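Scroll down for the structure; my scribbles are underneath it.
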Amino acid sequence: MYSDLVERLRVREEKGLRRVRRTIEGPQDTHVSIAGREYLAFCSNDYLGLANHPELIESACQGVRRYGVGAGASHLINGHSSAHHELEQALARFTGFPEALLFSTGYMANMGVVTALLGRGDAVFADRLNHASLNDAALLSRAKLIRYPHLDLTALERRLAMSPARRKLVVTDAVFSMDGDIAPVDQLQALCEKYQAWLLLDDAHGFGVLGKQGRGVLFSASQARAHSPNIIYMATLGKSAGVFGAFVAARSELIETLIQSARSYIYTTATPALLPCTLLTSLRLIEQDEWRREQLSRHIVQLKQALQSLCWPLQPSTTPIQPLMIGASDAALRISDGLREQGILVPAIRPPTVPLGAARLRISLSASHTPADIERLANALWQLAKAG
Ligand code: PMP
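Letter 10 of the sequence shown, counting from 1, is numbered 10 in UniProt numbering, and no numbers are missing.
Given below as structure tokens:
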């Protein structure tokens, strides 16, 4: 038994695909400490820099004092607190849907939606670059998983038109997690209406960042204004919101269906109430602190300008996810290691997370970075490029 595992691990190591964890000592911020050394980090999804905000920390403490530490049970037994309820109402209002439902994680939210809506004889249409949780959800639902080339709506339409499936669901990242580009939501919405398909939008990386007051991809300038009744909106709360968790927002009938049938909602302990308490403060800051999004935009422009003629190109992303395309996995690792030696952390993302030959450094920017931080990263990359 174990010799099989050892062999599999050996092969992974040999291929240079072994994943490693680094232990962060202290708060997760733009500067982190590992084994006693301080690093400037471009790894976090805390895009607005809220994860260590004193008001969030205070709300968490108040939440603990009021509700204790553990929720004690699942939502349908006894774990659903007034803080969960209040946050759900606030999230529905903020995203412009009649109702919202909290899940423990984005992974579980995607599982819950897809498995509650679909089964055998149904079909999920998925962008090839979608997050793994959407693919896993489709597999678990037993619906047929039909993938289409990245952002290729003609290919998607062909597949939708040909499919004999009873129920159809199109699933897409709103902001692609490894590329930073944005799905054309208005066109997807039109296609889904034409073919009577649901559209599950995973806005894990757009919520808080895109759109007026950070309301997400459905509120960004280029997208349709009115929410189609076909849309199921999912966003996570561990990225821009700086805390933990996720929610689904949609029409009431859909939310009630999830409460009744989403197994990843029903058969798990509710998150501690201190989290919704903290997230209510986070939501207020997302809404009111426009300067965080403005700062982030300035950082994106600065990084793009600084790396303009570097030998490794940035993807044409306008979001805080700025992937620097390297190509070969070993080269991506080498550059990531080179940066780390200079005290800068940028993760190398390799296959199978991204397609073969598309290894990259995933630079993620936060409003908490300073212009000097970005200059330091750019200088280090130029140095590594010159050294070959
Ligand atoms: N969807 C996307 C697009 C993501 O990037 C992630 C997290 N990396 C998830 C879903 C899962 O969210 P969570 O971390 O809350 O499980």
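Every residue gets a Cβ at the ideal spot worked out from N, C-alpha and C, and that includes glycine. All values derive from a computational prediction rather than experimental measurement.
Item: Within the continuous alpha helix (DSSP H) that includes His150, where are the two ends?; Value: Where His150 is concerned, there is no enclosing alpha helix (DSSP H), given that its DSSP letter is neither H nor E.
Item: By the 10 Å Cβ neighbour count, where 16 or more other Cβ atoms means buried, how is Gly70 classified, buried or exposed?; Value: exposed
Item: Assuming Ile363 is part of the beta strand (DSSP E), what are its boundary residues?; Value: Ala359 to Ser364
Item: Specify, as a first and last residue, the run of the alpha helix (DSSP H) that His84 falls within.; Value: Ser82 to Thr95
Item: Between the Cα of Ile188 and the Cα atoms of Ala41, Ala204, Met1 and Pro229, which residue gives the shortest distance?; Value: Residue identity check: residue 188 is Leu in the sequence provided, not Ile. Selected option, being the one with the closest Cα: Pro229.
Item: Under 8 Å, with one C-beta from each stretch per pair, do the region 117-124 and the region 276-295 reach the 3-pair mark?; Value: no
Item: Measure the CB-CB distance between Ala246 and Ala100 and report whether it falls below 8 Å.; Value: no
Item: Is DSSP giving Glu25 helix, strand or coil here?; Value: coil
Item: Beta carbon of Thr236: closer than 7 Å to some heavy atom of ligand 1?; Value: yes
Item: Quick check on Val124: does DSSP put it in helix, strand or coil?; Value: strand
Item: Could you tell me which residues DSSP puts in a beta bridge with Phe247?; Value: Leu102 and Ala235
Item: Could you tell me whether the region 47-59 touches the region 257-268, using the rule of 3 or more Cβ pairs below 8 Å?; Value: no
Item: Look at the alpha carbon of Ala11 and the alpha carbon of Ala348, and state the distance between them as a whole number of angstroms.; Value: The amino acid at residue 11 is misidentified as Ala; the sequence shows Val. Distance between the alpha carbons of Val11 and Ala348: 19 Å.
Item: How long is the line joining the alpha carbons of Arg284 and Ala161, rounded to whole angstroms?; Value: 43 Å
Item: Quick one: any contact between the region 290-308 and the region 74-84, if contact means 3 or more CB pairs under 8 Å?; Value: no
Item: Could you tell me whether the Cβ atoms of Gly63 and Ala83 are closer together than 8 Å?; Value: yes
Item: Could you tell me the boundaries of the alpha helix (DSSP H) in which Arg18 lies?; Value: Per DSSP, Arg18 belongs to no alpha helix (DSSP H) and is neither H nor E.
Item: Where do the ends of the beta strand (DSSP E) carrying Tyr39 lie?; Value: Arg37 to Ala41
Item: Starting from Gly327, trace the beta strand (DSSP E) both ways and give me its first and last residue.; Value: Ile321 to Gly327
Item: Where does Val301 land, buried or exposed, given buried means 16+ other C-beta within 10 angstroms?; Value: exposed
Item: Alpha carbon to alpha carbon, how far is Gly96 from Ile34?; Value: 41 Å
Item: Given the structure, does Ser240 come close to ligand 2, in the sense that its CB is under 7 Å from one of the ligand's heavy atoms?; Value: No copy of ligand 2 occurs in the structure displayed; its ligands are ligand 1 alone.
Item: My output table needs one value for residue 401: the three-state DSSP class, helix, strand or coil.; Value: The requested residue 401 is not part of the displayed model; the chain covers only 1 to 388.
Item: Does the Cβ of Gln322 have 16 or more other Cβ atoms within 10 Å, making it buried, or fewer, making it exposed?; Value: buried
Item: Taking all protein chains shown into account, do 16 or more other C-beta atoms lie within 10 angstroms of the C-beta of Thr271, making it buried, or fewer, making it exposed?; Value: buried
Item: Rounded to the nearest angstrom, what separates Glu157 and Leu314 at their Cα positions?; Value: 30 Å
Item: Quick one: what does DSSP say Asp60 is sitting in, helix, strand or coil?; Value: Per the sequence shown, residue 60 should be read as Ala rather than Asp. Residue state, collapsed to three classes: helix.
Item: According to the neighbour-count rule (16 or more other Cβ atoms, all chains shown, within 10 Å of its Cβ), is Leu345 buried or exposed?; Value: buried
Item: With respect to the beta strand (DSSP E) encompassing His299, which residues constitute its N-terminal and C-terminal limits?; Value: Unbroken run through His299 is the alpha helix (DSSP H), Glu290 to Ala306; no beta strand (DSSP E).
Item: With DSSP run on the structure shown, which of helix, strand or coil describes Ala331?; Value: helix
Item: Closest by CA to residue 399, which one among Phe219, Glu193, Ser3 and Thr172?; Value: The structure shown does not extend to residue 399, since the chain is modelled only from 1 through 388, so no value can be given for it.
Item: Do you know offhand how far Gly242's Cα is from Cys311's?; Value: 34 Å
Item: From His131 to Ser177, what distance separates their C-alpha atoms?; Value: 7 Å
Item: Give a single yes or no on whether Ser177 has its beta carbon closer than 7 Å to a heavy atom of ligand 1.; Value: yes
Item: Which residues mark the beginning and the end of the beta strand (DSSP E) in which Lys194 is found?; Value: Segment Val185 to Lys194 is the alpha helix (DSSP H) holding Lys194; no beta strand (DSSP E) there.
Item: Going along the chain, which residues of its own chain have a beta-carbon closer than 8 Å to the beta-carbon of Gly238, five neighbours each way excluded?; Value: Asn45, Thr105, Gly106, Phe244, Gly245 and Ala246
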